[in-house]
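Protein chains in written order, with my numbering: chain A, 1 to 291; chain B, 292 to 562; chain C, 563 to 784; chain D, 785 to 981; chain E, 982 to 1217; chain F, 1218 to 1505.
Even glycine gets a Cβ: it sits at the ideal position worked out from N, Cα and C.
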Amino acid sequence: MVDVNLSEAEKTFIVHGIQDNFREDGRSNEEYRQMDLETGLMSNTSGSARLRLANTEILVGVKAELEEPKPEKPDVGRLEFFVDCSANAAPEFEGRGGEELATEMMNLLYRAYSASTVLDVSSLCLQSGKLCWVLYVDVLLLECGGNLFDAASIAVKAALFNTKIPSVKVRQEEGEETELEVSDDPYDVRRLDVSAAPTVLTLSKIGHNHIVDASQKEEACCLARLMMAVTASGSVTATVKEGRGSLDPDSITEMMQVGKRVGKAVNEKLLETLKEEEQKGLKRKTVGFLR
Amino acid sequence: MPDTRRITGPEETQSPFAFCPQFLAQSAEAFSDGKRRDGRKAEADHRPVFLKAGLISQAKGSAFAELDKTKVVCAVYGPHEVARREDFSMQGQISCEVKFAPFSCRVRRQHVQDGREKDLSTQLLEALEPAVRLDSFPKSQVDVFVTVLENDGSALSAAITCASLALADAGIEMYDLVVACTARIHGTSILVDPSFSEENLKTVSGEKPGGQVTLGFMPSLRQVSALCYHGDTDLDVLSQATQRCQDTCHKLYQVVQDTLVKSVEQRMNNS
Amino acid sequence: MEVMETSTNSPCLAALTCVLGDLSQADGSASFTHGNTSVLAATYGPCEVRMSKEILDQATVEVVCKPRVGLPNCADKYRERHIRDLFQATILVNLHPRSSVMIVLQERQDDGGLLATSINAACLALLDAGVSMKFLVAAVTALIDKDGNINLVPEEKPSDVEASASLTIVFNEKDLQVMGVTSSGKFSQEQYDRSVSLCRKATEHVFKFYRESMERKLSKSV
Amino acid sequence: MAAPMVKVPGQRLARKDETTKPGTGTYEQNGFIYSSLAGCVQKETSSDGSVQISVITDVQQTVVPSVEAIVTARITNVTPRFCKCSILTVGKIPLKEPFRGMIRKEDVRATEKDKVETYKCFRPGDIVVARVLSLGDSQSYLLTTAENELGVVIATSEAGASLVPISWCKMQCPRTLAEEFRKVARVQQEFLQYTDT
Amino acid sequence: MAAHMDRIVLPGDKISDLKESETSKKVVLGPGLRTETEDVYACKPGVLKFKEPNVYWIDTHQKRYVPVKGEHVIGIVTQKAGDIFRVDIGGSDQASLSYLSFEGSTKRNRPDVKVGDIVYSRLLVANKDMEPEVVCIDSHGRSSGMGVIRSGGFLFKTSLNLVRKMCNPQCVLMKSLGNKFPFEVMVGMNGRIWVKGRTNKETVALANAVCAAEHMTNPQIKAMCHRLADALAGFE
Amino acid sequence: MADEVRTAQPKEFYRKYLEQGVRPDNRELGEFRPTVLDIGSKNGSCISTAEGSALIRLGNTIVICGIKGELAEPKTETPTEGYLVPNVELSAVCSPQFRPGPPSEQAQVLSQFVANVLKNSQCVELEDLCIAPGKMVWVLYADLICLDYDGNVADACVLALTAALSNTSLPVVRVDEETGKTETDFKEEKKIQLTCTPISATSAIFEDNVLLVDPTRQEEELSTGLVTVVTDGKNICSLEKPGGSPLKDQQMRLCIERAFQRHTEACNLITQSQGSTLSTLTSPLVDR
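Structure representation (structure tokens):
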């Protein structure tokens, strides 16, 4: 992560704060910061979402393309993730600086969405071996305020929820020429069922305790993090330990319990806000980047 | 862009396996008549492990690990200077690179490092960094290069164990050796040290698709240095699998220590 | 910028023509044509060397072979290595330590014997640049066809008999010893010995051609 | 002592108390001394009776130039203000990959620091013995030869023969008898037989 | 002996029958000649020259300058690094020029030298092991013509042979141009020449005359200068 | 003291040895390093996922060769010829001088050398690789990975490649004309026939007169030239001397003789280890 240099005194101050479950910005160890989410703000994408978690800003765009499926998985569509750390997020992202963090994020997203039950990709396949939908998910990191993995995964889930795939009819004539007919009616679209999609929850171990949604300062004094992808139903689709330090086994199980509980809560709250935003329909004005 | 730095064959080629019917229909059941597909009886049976330290003359330290058909070679270089580095730090650095040989898997792999190899390299770095005393070589860097010669399942755990043996053989100061183990969750059974076919078992329809967890463990300090899992299971099945991996790591620890002791003794009496 | 013509008095060595010094920015340049194979060579040096390639007690010789069309591939790298090792042993490299002598060879037309023509072009360019060398080197390519007789490439009248092997041999002028060899196709040891003697005789013409071109160039500026 | 016991990293050696102290190749964690290298255990009882446990590896020394260490280096390039060199061995242990070092003009000799002409002290290709002054910057280590025992040990003359030291600042080529200026290391007696091959 | 002289040699040619001087029984080998197990070989292509009593050397046609101690060169200041300037003299390394090596410069009153200035200087240190060093003062500390060239004029690059030919006393180029119209000229042994005529037209004419003179004999040079002077006069 | 001299002045260190005609690892000038070859157990090759593989240890130098077969359309101008694509990978594992990333100049030169040897020796008839003329042919990717670079990687690569090709077996692929459907049958296997076995012998020229066969890495660095001769028993398949110090004719004859001797030595080594039942890959990798 982009670490801000802290002196030893500041680090001990943060660690002591966490020990009595009262962090420097007043939150308890398992509380998220203020998050506001907006979907459907970019016209030329099939689906998009912008998430601002305190001062972490992430923009996700999903483009649906018709392509040939992979030879070894002929009857399934697929998701392709791409993460770009733009240089205006942090000076060291300039050039190839942000590549390492971007690959880490991409690997985690691929892991989280690797299980077949997470997102029904078989329905994305139009003609086995010949034609299927490929969803290109592009994550753009605009500002780093700590806890980038959680924010990115939530924004990805929101963007997938907001994705509208035009319905396509395939007519198979006698000759093997397949006839594709894409409807241009904006309402005749198919939506993705993201109820089983996971969101990532990062538990940072500081001292002997672990906290959720660590700010940039808290991330600087944490040696090991456990990132878990949790679905609304509470099942775990990916876990990765990241960071230079090591964790002892029992604290891992403890962290997993907390992760599951908080993860379920985050998922439910997210689905609620998405549905609520959907109801407002076209009346709601998009705030975008004005604020 | 044609790869002008290598001899190139035709543009697009297909693997012969794509046209072979019985390979496409992967079977779903893990146990056939009481035994695992490669003859191991219990779920917790680990394949016979063969380890050897100090086989590459050019490397500072090296090791070779063989889990029945999975063969991994690791070489450690350094500590040497870091080429271009502006920040001056009293802590040493480790850089890891995992590479699959083009002939290591059934379907031929490309020479250029793809996403999966980058992922394994990061996981290897995660596993080794906590175990190495970085302050013992300030301002310099240790390189760990792993080549997977043949991949018959749990390549990552073989790479981690082999790399930590190579680091010890290189005389790099370490808090503890790192031993790793992989487990495949398939329905209710937890298969330790899965082979390649067990890694790609088809999910039984209706059940949860299970998953695969790899654990990097420092047995004498009882610390987990790496944990990576993907799939879709409940939490308790996952922590059960992690526990099963931990017990196997304790068993493996003994084998790694004996190999290291044997190689030090052998070097002592012929030097 | 005069053009040097030589009569084809050697048994079957094609016509050699060369223009010295026609690139103004290069320290030395030679556009050399042997039969229908033509190469433009330019040399820069001794000049600045990159830190990574610097050798502390001698000059680094760098060779770049540019094919006529497309990107350089492994075959060009292979030719580059041959020519670099040859001139590393020919140029007096310890006179200019920690510097580099750069030779750039642009293939203009290839009708067989490209490596030999490149070597001769590079040697002429080094002469034009006045780089100090132990001796001169010249290369000739010999073609061995199925029934074993040998002729030199690129011949004037390309025979239609399909060749079974080809040998490019480099000789130095001082004691006409073999400096470098590269081969393709199969051939016996006896065929190798015959090709060496034939090529040795042919290189005398090439050395004579070097002398004539330099005399032509230097006679003007006395 | 029985055949020296071979220990591997992570193995517990002893309980830490005032008498036993961790030596090289070991580390101390919550009350116990653990081995951090794969090698044989050595127990030295120092004067005040306390035992120092250390683990020594026979050949695979991991050595990094540390401050005050004596190193052998080859001079790679000489400029008026400093000489760049590549460190070949630290103490007695040859390094598999050389480290970059630098000797500044003012660290060449102890006397008349400012009138030092680096060309008259070192030439590229000389083998020098120097002491590590500091870890320097991220590019190279800082070395000094400002002692009588430090300086040029092996140098080749223009004619290619190896030079013989004749004074602290001059060496002579046995073949052409030409003298060349160098900052010569005053080599102790037992080394002399090897340098005049 | 005469057949020996002015003969064209190529690298690798053995030079036998060298005339030792009566007094010191030694032969002085100049640039381009090399001894190997006591016989002499040429290592550069060019014309073998001989000067009494026993000096041999090869005059090569070369564009790339190899620094030689004591030669005057024209350099271009490329960089200011601390208390030295980096000067490009056309060789393989950039030469260093200390700010103290200007006439009348001390620690406090530093010379006004900017990047891009042209400097006429002399090579103090030049051998294959060391970085070349140039200075702008002679042994008595006076500039004697050396230093930063400020007053306009035109700098151009030629081959080293032309420069040696111009510095040769028998060459008539300088004299014949001189009595046509007044001009200033500075010749660097590294193949760089700086000329300044009264008007720009004359400066350009001068530069072309010098470049053209490379392959001319003395009479041809005189004829060329006449033509040049008439052409200039005719235009006025 | 020997270590100090060896690192500070390697050339003198070697010259002292060579004066007595022996080398620091007490081999004569014309003696190859001990060579161990593992072509794997009878049924499979030492790498089960590859169609053919071999591992060779030449002194300390280790090279492993794996051959993978893939299917592709043939070139239009040669409809009945398959492809044989060799590549040498000097990975960062084998020596500190190689960095991970695109192949170094030396790796490209070695790949081209091995490709030339295969083309010149025609040891594999490209027509044998044809399945359906014009439609489908075999592409044999021969990937050679150097695991330990201690000099003379060229000889090790050629021997490893020849050994791997000698035990490569390809599944039978049938393309029925009408439906154009292809079908691979892994039970039946067809071994590739080699017309000849090219073997290479490299000598390093030291101080312009001494010829050291099978040079180690240090001898390669100190040598002033390399000569590589590849023979197939009767004829010379490839003769490579890339520049370096000149070579007298009878020295070249000596190199060619050494190559023919090496050819007989290497052939029995291949036949010996052909039927060997070395179960694990360990023994050649392991016994130092």
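Short check: CB of F/THR1445 to CB of F/ASP1425, under 8 Å?
Cβ distance not < 8 Å, so F/THR1445 and F/ASP1425 don't count as in contact.
In or out: B/LEU518 buried (at least 16 other Cβ within 10 Å) or exposed?
It counts as buried.
Mapping the DSSP letters down to three states, classify E/LYS1061 as helix, strand or coil.
Note: E/LYS1061 maps to strand in three-state DSSP.
Is it right to say C/SER614 is buried, meaning 16 or more other beta carbons lie within 10 angstroms of its own, or is it exposed?
So C/SER614 counts as exposed.
Counting only C-beta atoms, is F/GLY1283 closer than 8 Å to chain B at any point?
Yes, because at least one Cβ of chain B sits closer than 8 Å to the Cβ of F/GLY1283.
Chain F partners of C/ASP647, CB-CB under 7 Å?
Result: PRO1459, GLY1460, GLY1461.
Would you mind reading off the limits of the alpha helix (DSSP H) that contains C/HIS644?
Element bounds for C/HIS644: 636 to 652.
Once DSSP output is grouped into helix, strand and coil, what is the label at F/CYS1311?
Here F/CYS1311 sits in coil by DSSP.
Determine which residues of the segment 791 to 819 of chain D have a Cβ less than 8 Å from any Cβ of chain B, and write them out in chain order.
The residues in question are VAL792, PRO793, GLY794, GLN795, ARG796, GLY809, TYR811, GLN813, TYR818.
Please find out if some non-hydrogen atom of the ligand GDP comes closer than 7 Å to the beta-carbon of B/ARG535.
Absence of the ligand GDP is noted for the structure shown, with no ligands found whatsoever.
When the Cα atoms are used, what is the spatial distance from E/ALA1204 to E/ILE1118?
Their Cα atoms are separated by approximately 39 Å.
Straight-line CA distance for F/ARG1250 to F/ASN1369?
The alpha-carbon atoms of F/ARG1250 and F/ASN1369 are separated by roughly 10 Å.
Please classify A/GLY12 as buried or exposed, where buried requires at least 16 neighbouring CB atoms within 10 angstroms.
The question names Gly, but residue 12 of chain A in the sequence shown is Thr. Exposed.
Are there three or more Cβ pairs, one per stretch, closer than 8 Å when the segment 729 to 748 of chain C is compared with the segment 634 to 648 of chain C?
Touching, yes.
Of all the CB atoms in chain B, is at least one closer than 8 Å to the CB of C/CYS636?
Yes, because at least one Cβ of chain B sits closer than 8 Å to the Cβ of C/CYS636.
B/GLN545 versus chain D: which residues are under 9 Å apart at the beta carbon?
Near B/GLN545 there are no residues of chain D at all, since even the closest Cβ is about 11 Å away, more than 9 Å.
Check the C-beta distance from A/ARG225 over to A/LEU203 and give it rounded, since I have them as a contact under 8 Å.
That pair is a contact at about 7 Å.
Report all residues from its chain with a CB closer than 6 Å to the CB of C/VAL626; omit the five preceding and five following residues, and keep chain order.
Counting only Cβ-Cβ distances below 6 Å, and skipping sequence neighbours, we find VAL666.
Can you name, in chain order, every residue of its own chain whose Cβ lies under 6 Å from the Cβ of A/SER215, other than the five neighbours on each side?
If we look at A/SER215 and ignore the five residues flanking it on each side, its Cβ neighbours are GLY146.
What three-state label does DSSP hand F/ASN1485 in the structure shown?
Three-state DSSP puts F/ASN1485 in a helix.
By how many angstroms is the C-alpha of B/ALA449 removed from the C-alpha of B/LYS332?
When rounded, the distance between both Cα atoms is 21 Å.
Mind checking which residues open and close the alpha helix (DSSP H) that includes C/GLY597?
C/GLY597 -> no alpha helix (DSSP H), and no H or E assigned at all.
DSSP three-state label for A/LEU41, please.
Reduced to three states, the DSSP call for A/LEU41 is coil.
Are D/GLY809 and D/ILE840 closer than 8 Å when you measure CB to CB?
Cβ atoms of D/GLY809 and D/ILE840: closer than 8 Å.
Taking F/GLN1325 as the query, report the chain C residues whose CB atoms sit under 8 Å from its CB, ordered along the chain.
Within 8 Å Cβ-Cβ: CYS636, LYS639, TYR640.
Which class does B/ASP294 belong to by DSSP, given the choice of helix, strand or coil?
Note: B/ASP294 maps to coil in three-state DSSP.
What are the boundary residues of the alpha helix (DSSP H) that includes F/ALA1380?
1370 to 1383 is the span of the alpha helix (DSSP H), which, as asked, contains F/ALA1380.
Near E/GLY1178, which residues of its chain fall below 6 Å by C-beta distance, leaving aside the five closest residues on each side in sequence?
So the list reads PHE1164, THR1184, LEU1187, once near-sequence residues are dropped.
Quick one: list the residues of chain B neighbouring D/PHE866, beta-carbon separation under 7 Å, in chain order.
Going along chain B, no residue has its Cβ under 7 Å from D/PHE866, so there is no contact; the nearest lies around 18 Å.
Give the residues from the segment 606 to 638 of chain C that approach chain B closer than 8 Å (Cβ to any Cβ), ordered along the chain.
Cβ contacts with chain B come from LEU633, PRO634, ASN635, CYS636.
Less than 8 Å between C-beta atoms, sequence neighbours within five positions excluded: which residues of the same chain meet that for A/GLU254?
Counting only Cβ-Cβ distances below 8 Å, and skipping sequence neighbours, we find HIS210.
For the beta strand (DSSP E) containing C/CYS580, name the first residue and the last one.
Its beta strand (DSSP E) spans residues 578 to 582.
Near D/LEU860, which residues of its chain fall below 7 Å by C-beta distance, leaving aside the five closest residues on each side in sequence?
With the sequence shown as reference, residue 860 of chain D is identified as Thr, and Leu is not the correct amino acid for it. Around D/THR860: LYS868, CYS869, SER870, PRO908.
Can you give me the start and stop residues for the alpha helix (DSSP H) that C/CYS685 sits inside?
676 to 691 is the span of the alpha helix (DSSP H), which, as asked, contains C/CYS685.
Alpha carbon to alpha carbon, how far is B/GLU417 from A/ALA238?
Answer to the nearest angstrom: the Cα atoms are 16 Å apart.
Which residues does DSSP list as the beta-bridge partners of F/ILE1453?
Bridge partners of F/ILE1453: C/PHE749, F/THR1448.
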